[in-house]
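Letter 187 of the sequence shown, counting from 1, is numbered 187 in full-length UniProt numbering, and no numbers are missing.
All residues carry an ideal CB built from backbone N, CA and C; glycine is no exception.
This one's a predicted model, so the numbers in the text were calculated from it and none came from an experiment.
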Amino acid sequence: MVLVSLLRAAWILGTLPIVIASIPSSKLNAFHDLLLKLSGRGKTRESSSRKFSVPQKLFCHFYILAVIWTTFLLAATWLYAYQITPTVSEPLLYSSIASHLTGVSHEFSFQKSRSSLREYNYGIWRSVFLLLLMETQVLRRLIESIYVFKYSPSARMHIGGYLTGLFFYAAAPLSLCCTHALEVFKFLANLFAEFIVKGKDRMQVKEFDVWGLVNPLTQLKWYAWVGAAFFFWGWFHQRRCHAILGSLRENDEKVDDYLIPRGDWFEYVSSPHYLAEIVIYGGLVIASGFSDITIWLLFGFVVANLVFAAAETQRWYLRKFDDYPRNRYAIIPFVC
């Protein structure tokens, strides 16, 4: 529970300053400007301000980290889930497998009911499902950062925002499986130790079964698939909105010019790619069954951060373009 508590504390501490800075009070203007300076990037950041900043094209570092870390967590959690899935329904064998792999005493695991063991196993496969969704997101974002976006040479972001991005893409995938993460890491450590001591040929590994890797995912509850539907709804719209933004800078000679984006959700809000991101993480909340506080706090951070950034983007568009559509909201249609 230490890891879970640390992640929850991190999301709360990350969200509170944004919420405070968003309060419309003249007494908080200085704090709002400070947070805006730390989080501003690209067009919403003064191009002449280069102190403590890095090029915005380093955004790709976020997604390189995210792909490597998410892939590792997905592979490790999937292997762990596969290894503890019982091949027979006899509860004592189930208990013995779980106690061996998790390090829980046999006496304790034996006293667990069959339903609690089944729920434990289900929770691990749910984490695998959430990490699979996350993997599709970070892989697409990495491809977009390389092939879709053409960052202006003058576009920069504060080093604080850069470090925050690295933290986010390290903590977000971990938050999707944190309930079982320490057990997974212990399982991998034991597997590695066994490999060192016995060698590959003498290790006892469960017979590989492709159907055994996939079948438990097909037995997830209805809310997992509803969450996945919401996730991919946001996923596809974010992909389309990013393509629209990328097409505005197809002319390399005018990479510093800005145009009004149009099409898809841009007809309703100024930052539809942020709105799509909220839908994506909302889908993860639904797919988790609404019961994981850590994922709720992750979602809260995403919403607070993107609403704050979208509000500043909206103000920038209105200052930049006299003919900017006045009926567009910042991020959420008919709300803000």
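Does DSSP put residue i in a helix, in a strand, or in coil?
{"i": "Val-54", "result": "strand"}
{"i": "Tyr-329", "result": "strand"}
{"i": "Val-184", "result": "helix"}
{"i": "Val-269", "result": "strand"}
{"i": "Val-148", "result": "coil"}
{"i": "Tyr-324", "result": "coil"}
{"i": "Gly-263", "result": "coil"}
{"i": "Phe-168", "result": "helix"}
{"i": "Gly-289", "result": "coil"}
{"i": "Pro-173", "result": "helix"}
{"i": "Val-335", "result": "coil"}
{"i": "Ser-25", "result": "coil"}
{"i": "Tyr-258", "result": "coil"}
{"i": "Ser-48", "result": "Low confidence applies here, because Ser-48 scores a pLDDT of 48, under 50, leaving its location unreliable; read the following figure in that light. The answer is coil: DSSP assigns Ser-48 none of H, G, I, E or B."}
Between which two residues does the alpha helix (DSSP H) carrying residue i extend?
{"i": "Phe-8", "result": "The sequence shown places Arg at residue 8, rather than the Phe named in the question. Where Arg-8 is concerned, the enclosing alpha helix (DSSP H) stretches over 2-21."}
{"i": "Arg-240", "result": "222-247"}
{"i": "Arg-315", "result": "293-320"}
{"i": "Thr-77", "result": "59-84"}
{"i": "Phe-31", "result": "29-39"}
{"i": "Val-214", "result": "210-218"}
Tell me the rounded alpha-carbon separation between residue i and residue j.
{"i": "Trp-11", "j": "Leu-298", "result": "6 Å"}
{"i": "Cys-336", "j": "Ala-309", "result": "12 Å"}
{"i": "Lys-320", "j": "Tyr-258", "result": "9 Å"}
{"i": "Gln-314", "j": "Asn-190", "result": "52 Å"}
{"i": "Leu-34", "j": "Glu-312", "result": "13 Å"}
{"i": "Val-128", "j": "Leu-284", "result": "12 Å"}
{"i": "Ala-170", "j": "Ile-280", "result": "17 Å"}
{"i": "Leu-93", "j": "Tyr-82", "result": "Note that Leu-93 scores 43 on pLDDT, short of 50, meaning its location in the model is unreliable and no value can be drawn from it."}
{"i": "Ala-243", "j": "Tyr-274", "result": "14 Å"}
{"i": "Leu-13", "j": "Val-226", "result": "30 Å"}
{"i": "His-61", "j": "Leu-166", "result": "8 Å"}
{"i": "Arg-328", "j": "Pro-272", "result": "10 Å"}
{"i": "Phe-332", "j": "Val-269", "result": "Correcting the residue type first, residue 332 is Ile in the shown sequence and not Phe. Computed Cα separation, rounded: 7 Å."}
{"i": "Pro-173", "j": "Met-134", "result": "7 Å"}
{"i": "Thr-179", "j": "Phe-231", "result": "22 Å"}
{"i": "Ser-26", "j": "Phe-187", "result": "53 Å"}
{"i": "Ile-18", "j": "Gly-40", "result": "13 Å"}
{"i": "Thr-164", "j": "Val-210", "result": "38 Å"}
{"i": "His-32", "j": "Asn-305", "result": "13 Å"}
{"i": "Ala-155", "j": "Gly-246", "result": "15 Å"}
{"i": "Lys-37", "j": "Lys-221", "result": "44 Å"}
{"i": "Glu-277", "j": "Val-197", "result": "46 Å"}
{"i": "Leu-139", "j": "Ala-228", "result": "16 Å"}
{"i": "Lys-51", "j": "Arg-262", "result": "34 Å"}
{"i": "Trp-148", "j": "Ile-295", "result": "In the sequence on display, residue 148 carries Val and not Trp. If I take the Cα positions, the gap works out to 29 Å."}
{"i": "Leu-7", "j": "Ile-159", "result": "22 Å"}
{"i": "Val-307", "j": "Asn-29", "result": "17 Å"}
What is the residue span of the beta strand (DSSP E) that residue i lies within?
{"i": "Arg-156", "result": "156-158"}
Among the options, which has the Cα closest to the Cα of residue i?
{"i": "Lys-150", "options": "Phe-59, Pro-325, Ile-332", "result": "Phe-59"}
{"i": "Phe-290", "options": "Gly-123, Ala-9, Leu-38, Lys-37", "result": "Gly-123"}
{"i": "Thr-70", "options": "Ala-287, Gln-137, Ala-229, Ala-155", "result": "Gln-137"}
{"i": "Arg-118", "options": "Gln-219, Gly-282, Ala-181", "result": "Gln-219"}
{"i": "Ile-85", "options": "Lys-186, Pro-216, Gly-227", "result": "Inspection of the sequence shows that residue 85 is occupied by Thr rather than by Ile. Comparing Cα-Cα distances from Thr-85 to each of Lys-186, Pro-216, Gly-227, the minimum goes to Pro-216."}
{"i": "residue 358", "options": "Gly-282, Ile-286, Ser-288, Tyr-317", "result": "No answer is possible for residue 358: the residues shown for the chain start at 1 and end at 336."}
{"i": "Leu-142", "options": "Arg-239, Leu-131, Asn-121, Met-157", "result": "Arg-239"}
{"i": "Ala-287", "options": "Cys-177, Arg-326, Ile-18", "result": "Cys-177"}
{"i": "Gln-56", "options": "Trp-265, Pro-153, Arg-262", "result": "Pro-153"}
{"i": "Ala-75", "options": "Tyr-223, Trp-125, Lys-37", "result": "Trp-125"}
{"i": "Leu-79", "options": "Leu-6, Met-157, Gly-212, Val-197", "result": "Gly-212"}
{"i": "Gly-161", "options": "Cys-241, Ser-53, Ser-247", "result": "Ser-53"}
{"i": "Tyr-120", "options": "Ile-159, Glu-183, Val-197", "result": "Glu-183"}
{"i": "Phe-236", "options": "Glu-144, Ala-30, Leu-306", "result": "Glu-144"}
{"i": "Ile-293", "options": "Glu-267, Tyr-223, Ser-175", "result": "Ser-175"}
{"i": "Glu-267", "options": "Val-2, Tyr-324, Trp-222, Leu-130", "result": "Tyr-324"}
{"i": "Ala-66", "options": "Arg-326, Arg-249, Leu-7, Leu-131", "result": "Leu-131"}
{"i": "Ile-146", "options": "Tyr-63, Val-214, Ile-68, Gly-263", "result": "Tyr-63"}
{"i": "Asp-322", "options": "Val-303, Ile-260, Asp-264, Trp-296", "result": "Ile-260"}
Less than 7 Å between the CB of residue i and some heavy atom of the ligand HEM, yes or no?
{"i": "Val-335", "result": "For the structure depicted, the ligand HEM is absent and the ligand set is empty, with no information on it obtainable."}
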